Amino acid sequence: MSEIEVVRHYTRFTEESYGVDNGPVPLGSCTMKYNPRIATNYVNSEYLANIHPSLLKFETAQNILKLMYQLQEWLKEITGMDACTLQPPAGASGELTGVLIIKKYFQERGDTQRDEMLIPDSAHGSNPASSSMGGFKSVRIPSDEHGLVNLEALRASVSNKTAGLMLTNPNTLGLFEKNITEVTKILHENEAIVHYDGANLNGIIGIARPGDMGFDIVHLNLHKTFSAPHGGGGPGAGAVCVKKYLEDYLPGYIVSKDDNGRYFLKKMSKSIGDVYSTYGNLPGMIYAYIFILSYGSDIYKVAKYSTLNTNFFISLLKGVKGITLPYDEKTPRLHETVLSFKKLAEETGVTVEDVAKYLLDNGFYAPTIYFPLIVDEAFMIEFTETESYENIVKYAEVVKKAIEIAYTNPSELKQAPINTSVRRLDAVKANHPSTLKPSVKFGRK
Amino acid sequence: MSEIEVVRHYTRFTEESYGVDNGPVPLGSCTMKYNPRIATNYVNSEYLANIHPSLLKFETAQNILKLMYQLQEWLKEITGMDACTLQPPAGASGELTGVLIIKKYFQERGDTQRDEMLIPDSAHGSNPASSSMGGFKSVRIPSDEHGLVNLEALRASVSNKTAGLMLTNPNTLGLFEKNITEVTKILHENEAIVHYDGANLNGIIGIARPGDMGFDIVHLNLHKTFSAPHGGGGPGAGAVCVKKYLEDYLPGYIVSKDDNGRYFLKKMSKSIGDVYSTYGNLPGMIYAYIFILSYGSDIYKVAKYSTLNTNFFISLLKGVKGITLPYDEKTPRLHETVLSFKKLAEETGVTVEDVAKYLLDNGFYAPTIYFPLIVDEAFMIEFTETESYENIVKYAEVVKKAIEIAYTNPSELKQAPINTSVRRLDAVKANHPSTLKPSVKFGRK
Amino acid sequence: MKYHPWIPNDNEELLNIMLKTIGINNWDELFTSIPEEIKLKKKLKIGAERPLNTIELEKHMKEVVRAQNIVDLERVFSGGPVAPHFVPQVTTYLINRGEFLTAYTPYQAEISQGLLKALYEYQSLMAILYDIEIVNAGMYDGGTALAEASLLSIRIKKNKKIAISSTLFEEYKSVIKTYLYGQNATLIEYDFDKDTGEITGETIEKIKNEKPSGVIIDYPSNFGPIRKSTKELIEEVHKYGSLAITFSDPSSLPILTPPGELGSDIIVGEGQSLGLPMSGGGSLLGILGIKNDKELLRNLPGRLIGETVDADGKKGYMMILQTREQHIRREKATSNITTATTLNAIAVAINVLLYGEKGLKTRAEKILENTKMLKQALEKNGIEASYKKALHFKNISYKIDDPFTEGREIIEKYKIIPFTPYQNYAISSATEVHNNEDISLFSEAIGGVLRK
Amino acid sequence: MKYHPWIPNDNEELLNIMLKTIGINNWDELFTSIPEEIKLKKKLKIGAERPLNTIELEKHMKEVVRAQNIVDLERVFSGGPVAPHFVPQVTTYLINRGEFLTAYTPYQAEISQGLLKALYEYQSLMAILYDIEIVNAGMYDGGTALAEASLLSIRIKKNKKIAISSTLFEEYKSVIKTYLYGQNATLIEYDFDKDTGEITGETIEKIKNEKPSGVIIDYPSNFGPIRKSTKELIEEVHKYGSLAITFSDPSSLPILTPPGELGSDIIVGEGQSLGLPMSGGGSLLGILGIKNDKELLRNLPGRLIGETVDADGKKGYMMILQTREQHIRREKATSNITTATTLNAIAVAINVLLYGEKGLKTRAEKILENTKMLKQALEKNGIEASYKKALHFKNISYKIDDPFTEGREIIEKYKIIPFTPYQNYAISSATEVHNNEDISLFSEAIGGVLRK
């Protein structure tokens, strides 16, 4: 194709797409915030684009190594940990990294019977999936009536087969695990390891640190909390930070500084190996680096305003028919919240999916729905610090309007969306073996 | 406003705009072609963005001066002229430059009674406007029955009061002035000067040169023929090239090369002065420079395919009810053509404007309408070399569809457009003194 | 390269289909109307002669641009019509989106509402900044905007004379002169007190005697001084029946009484100072506005966007008062201007929104503060600013014997660009991009070469 | 900086309105659920501690990136998982348009059709290139894609053994090993004829004896050789009940029999060679595809986009077979992968369309030709390529005593990056960005430091 044809083809595609640059993308636990263009510009500059990874290996690209070193240092300070690797190319890769560190740690100790990973029922699906990839059995820990880890159940589950616990805090309900020091103590008393899922760090960054709560491993998503773009599903960028006693297990190369101020790459002695072919996603690191510089110690503002925004939204929907806020209504949610549309579904037949599609019709991206699994007709929403007052107010109004329609003319919502480039798609046809079509080539052989 | 709010505001604005990146913009005489992104990238690079014009004045920015020098040389070769200035910031500025050169030339010769500028009736409006800005009276030369300059009328108009003739060739009808050497001879015999309006150079570039036709002055639009973007109405970039005997009159600084290969800026001895505060629009020059490098001596392909595309379009509409091709039907049009929708208007009441609005409804930008003035219900269309076969076919189909509707249900076309972000706008209200509103501040004082 | 990547139909198959539809056998037949004797017989010697592919182009361009060492923005102190100003990357991104970059002038309003709204906002933001009711959608640059303002004055007042401040940038004077030459009009310069930069009795006398159609007033002066007597001057101009054309650097306005409030009939400015790249001097943005007056409006050059409603009564925007323009009015048009500087106008509006009212004010204060430091740096090295007793904003001019030679020496030795050189003087500027260290470096460089 | 430009609500007025709506007096009250003892009591020492404004950020970043001299693409000859390839500017522009760049994974299909179509086209283009029916929407990189292909094989064949070619990049071996460690699975290496790079009796013997779940075959070899015996190897692999996992550099495929046609069950590749920037090694693109087999499909990791229809019967696209994925299937998911590399997949698809079929073939031929010249350059300097009798594509490995020291010397002296250093060998690569002159320079540099 000629250049102009390609440009038009993809320009049209972008016009049928929707990102943070178009409006709120308030997906819970996904932390879709503004991706600063100043960073985009450096990422795309030839200064960075033309750096072959061997320049890092030769250690001639001292400036890049220094940038990575600084970032490691800052992430340590933010998380309260002692060492970091920047190799994981995404959050889930960071989870796997944590899981394998746990595995190797116990193997090195000869503690080989520890094959269970404890995971709360409100956890992201990637936690049990990562646990499985590390060869662990996932043991589900139920939530208590406050939506928090059930301490009794936790105590009952912990044994000498327990390798670790994977936890996000604030949890996916937006609730802070206030007994967190007790939780980590229970694990530590049993010599098990606690892994922090960084998906929700945005709600507490600069306010509290996983390291201070007793976590041993922390994985971060540079493309969530630290403003790297999500790119419609990647590339992301991860980081894993650990307490001193796990430092030697980190994968990849750690950037270190010698006595002459020269930066060099260090392979750790008990390293789990590599989780990526190179040193990590440098573009994501650049975003994180610029993001941190832009805030400095004011970084608490990120948690402050993301939490403010989400609680403001909750207040706007307080008392609206058909919606409930499961678990302690009075407790502020940290940066995200889960509402239940169960009553609405029961009373009108309109599901939370119908509401989501109606939001699309009004030019807004929908929140995460049907997750976490412990809430029926879950509507999991997170407004980051980069969302505006006006949009949050409008968003709440559209939700209220949807509910009004649900109670007056429910079939209208079943039709949604009508303003998008296609209407509701046939998932059965898409997934059925007889009609499946994952490429133009499929079925032609 | 916060950055994300600004980004969303303008992202939305772009989505309510339409450029070559979205589809054909076949405005006659406007030469809206693909603007290569490779050039955009250099234009935006800090290499160029951070160059203060004083670096050119100090002559330390030798690389930029060299680039400008090369461009001058290439434009000379393309136009068949002897010297060029890159100072004019747009096409109309190039016209004014030509007009003032003519004025100063005769003034220097003491030939001060020459106050008439001959301009064909098919000319762009900017020609007479520029002529007036130079203090000349515009004398209209009628077209003959072939749509070309009426030689008899021309001879009758030329006198010792004639300073010059402004002409575009091919003319705005897309017809090549085949008597051009006769035309320039008539002027030259009368010691007058002939100015070439470069708006239509795209139709003959690499095939024939204004210099070889007898033109004395040529103005070029780098943002038309040479692929610099139009930017929704600028910045453009112009250039004016002249024959040797007018070199000393050029405005601005001419980049010259000394014996040591060093580039320097030269102010011409009889210069008309400056038509811009600096040395011209460097970004536009970069586009032109890259454009010429990309083609080299294959640049004739630009004329070949733009002309092919437009004649192909004419063929697709041949014999369609309501449309005529005024003037010699069999003569191929060079890169643009003017169709008349007069019959359609008479038979159905549907105007060419209605058809234009219907084109918008079908995702296409409309051609120039109601120009040139010598054709009733003019539909002036130009497909550049960067337009695709598929789009030209589709475009013709939409026009045919419009005509079909005009003959069956004309009121439907009067409603167009209905798919755009606003419907047909109230020009009376917009322009009426009592409702005029050119700013939010207007009427508040 | 057999097929050119920028020509979609450049292949034998399509070519043949299209020729067949047209009814000819060979593409040469398309050009039979061109007489054989003027057809090109040779290959043009342009570019590298053979076409370059994209990889080759990139290599070549890198060589060309790299030949020039990058000069950081903050190392530039050159003044004049263009100065170093900060360009937010986000603005560059937005104006380079294809829907804006590759659009035509929005003749077809219904499909161009975004572009029209962006321009309308530009007009409105500038109207607020200058405190005037009408600002057009942009001129080429400050110089041509001044020239067009002069022609506008002459159209109204008929006397073919324009008076200009002696402290206007030479570049502007030259452009005005060129445009006035077309109208056989003359340029008169008026002067100021050498120390304070304020108007004097002679200034008034000149205007009174000459009765020019328009008087161009630079406020702040192009040479820096913020003249306290500007309001008085405008009153005098009006007293003798001339139009007051005030040229103001828009970056200064958030901390000054705006020219509209001072009574200007016409306002002019150069938008580059609101954050356009310098790019070797192009492209720029001429700001041109008028007070709400029928005569002025009827004679205003350039595009104007206005608000209206569509067929459904919904708010919409379109180009207005096009009867002033060349494509309608031809030889009687208010100007020949066609392609102006839309994209730069939008960029400036974006920057203004990014800064906000407070941000713009802080920025102007920083420029004022930096200019003060710059003046001190010059004084420290024994160099006296012209109008030394005045308060300078952004630009400072001073005498130097051989600014070209001395400037080149500074560039060579200190890797800073200290000023814009003129015949026997120089203009330096300080802006929001500089900090104390930068200005110290400037001082050192000036001291090293120019100290008196 | 009192108000942060990236926080729209960061001002007292809005803060107070919002707090009031929530019903609290102070923003601290939002965080009362965090026990006091674990709340941060100190200011974090990060960044420059104080916030930097945009101008300061730009200055800082320029210093940081400028510390590194630019290395032109064509001066890079390092091989390995990442190599110098040409990135069209138009692609960079398109994938950086905000609607793509700032989008989430397209869970809400109706508002994300453009993104979904772009990914569907990527899947289809790769399926054509590899001649296989199903390709997913992208993995992190070639290494993790190989690792996931290994796990996929084990899920199907159950034997916790994977055989890999000894010529796989070390980086890939390390990643596969890490993933296999999680499953307590083992890695077996098989070898080739030292001269020709073709399989031998021993190669077959090993596979026959070990019966691994999957056999990873590099074709062309990561060390360069285009093995003629690849088809034979795949047949042997199938004979002993293993799955054939073929890793192919997609840039080579336009001139080779594609791995699908050779009978591969799973195909893997690294998309960087189709024109992604090197960016210090990230981000990359893992290509992963399978033949149309129910078991393979049910066990495929990663996102998959499929065609379907909407409520009006209009064609549309959505993510399919999500029941394989972690957010639905949790501990039984086929992988934990969530955020993959959508944007890079789209970039690669754009590049493929820009090149077209012919362009891609020309490009592959140029790489082959340049590799030949590179090999000659090495030979000329007395350096023998491993598998010297084979025909190499893109990569060439060779023994060096101390590649780190010698490589640094070459970088220092010749300003080229000659190879990627490994313990006692090096890998160089030639691609479409190089021309004769570049390779002559390479030869000179190698000769100057390494000549034997």
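Residue numbers (UniProt numbering), protein chains in the order written: chain A, 1 to 445; chain B, 1 to 445; chain C, 1 to 452; chain D, 1 to 452. From the three backbone atoms N, C-alpha and C, an ideal C-beta is built for every residue, glycine too. From a predicted model like this one, the values you see are computed outputs, not experimental measurements.
DSSP places Glu59(B) in the coil class of the three-state scheme, outside both helix and strand. Among the bridge pairs identified by DSSP, Lys42(D) is matched with none.
Nearest CB-CB separation between Tyr34(A) and chain B: below the 7 Å threshold.
When Cβ-Cβ separations below 7 Å define contact, Glu5(A) makes contact with chain C.
Excluding five sequence positions before and after Leu222(A), the CB atoms of its chain that fall closer than 8 Å to its own CB belong to Ala228, Gly236, Ala237, Gly238, Ala239, Asn281, Gly284, Met285, Tyr287 and Ala288, given in chain order. Residues of chain C with a Cβ closer than 9 Å to the Cβ of Ser2(A) are, in chain order, Tyr3, His4, Pro5, Trp6, Ile7, Pro8, Asn9 and Asp10. For Tyr245(A), the closest alpha carbon among the candidates Asp258(A), Ile217(A), Arg262(A) and Leu265(A) is that of Ile217(A). The C-beta of Val71(D) comes no closer than 7 Å to any C-beta of chain B. The C-alpha of Gly174(B) lies about 12 Å from the C-alpha of Ile34(C). Put simply, the backbone Cα of Tyr190(D) is about 7 Å away from that of Ala163(D).
For Lys45(D), a Cβ of chain A is located within less than 7 Å of the residue's own Cβ. Listed in chain order, the beta strand (DSSP E) runs fully inside the UniProt domain "Glycine dehydrogenase C-terminal" (304 to 401) of chain A are 337 to 340 and 378 to 381, counting runs of at least 3 residues.
Rounded to the nearest angstrom, the gap between the Cα atoms of Gly306(D) and Ala137(D) is 10 Å. Neighbours of Thr386(A) in chain C, taken as residues whose beta carbon is under 7 Å from its own, are absent, since the nearest beta carbon is some 13 Å off. Judged by DSSP in its simplified three-state form, Thr225(B) adopts coil rather than helix or strand.
Asp218(D) does not reach chain A, its nearest Cβ partner there being about 14 Å away, counting only Cβ pairs nearer than 8 Å.
Residue environment for Ile17(D): exposed (fewer than 16 other C-beta atoms within 10 angstroms of its C-beta). Counting only runs of 4+ residues, the alpha helix (DSSP H) found wholly inside the segment 209 to 275 of chain C occupies 230 to 239, in chain order. Any Cβ of chain C closer than 7 Å to the Cβ of Met213(B) would place that residue at the interface, and such an atom is present.
By the criterion of at least three beta-carbon pairs nearer than 8 Å, the segment 434 to 445 of chain A is in contact with the segment 122 to 135 of chain D. Using beta-carbon distances, Ile128(D) does not count as an interface residue toward chain C, since no partner is under 7 Å. Within chain D, the residues Ser33, Ile34 and Pro35 have their CB atoms less than 9 Å from the CB of Lys178(A), given in chain order. Put simply, the backbone Cα of Cys241(B) is about 6 Å away from that of Met81(B). Using a Cβ-Cβ cut-off of 7 Å, Asn41(A) is close to Gln89 of chain C, given in chain order. Within 10 angstroms of the beta-carbon of Lys358(C) lie fewer than 16 other beta-carbons, which makes it exposed. In terms of beta-carbon proximity, Leu173(A) stays away from the interface with chain D, with every pair separated by 7 Å or more.
Contact annotation, Tyr18(A) with Ala103(D): C-beta distance approximately 6 Å; criterion of less than 8 Å satisfied. Here Glu261(C) is exposed. Its C-beta has fewer than 16 other C-beta atoms within 10 Å.
The continuous alpha helix (DSSP H) containing Val7(A) extends over residues Glu3 to Glu15.
Within the segment 378 to 403 of chain D, no residue places its CB atom closer than 9 Å to a CB of chain B. Listed by position along chain C, the residues whose Cβ is nearer than 8 Å to that of Val433(D) are Ile55. By the CB criterion at 7 Å, Met32(B) and Val43(B) fall outside the cutoff. Contact annotation: Ile400(C) and Ala385(C) have beta-carbon atoms that are not nearer than 7 Å. One alpha carbon belongs to Leu86(B), the other to Leu94(D), and they sit about 31 Å apart.
Considering only Leu373(B), Glu397(B), Val6(B) and Leu48(B), the residue with the shortest C-alpha distance to Pro120(B) is Leu373(B).
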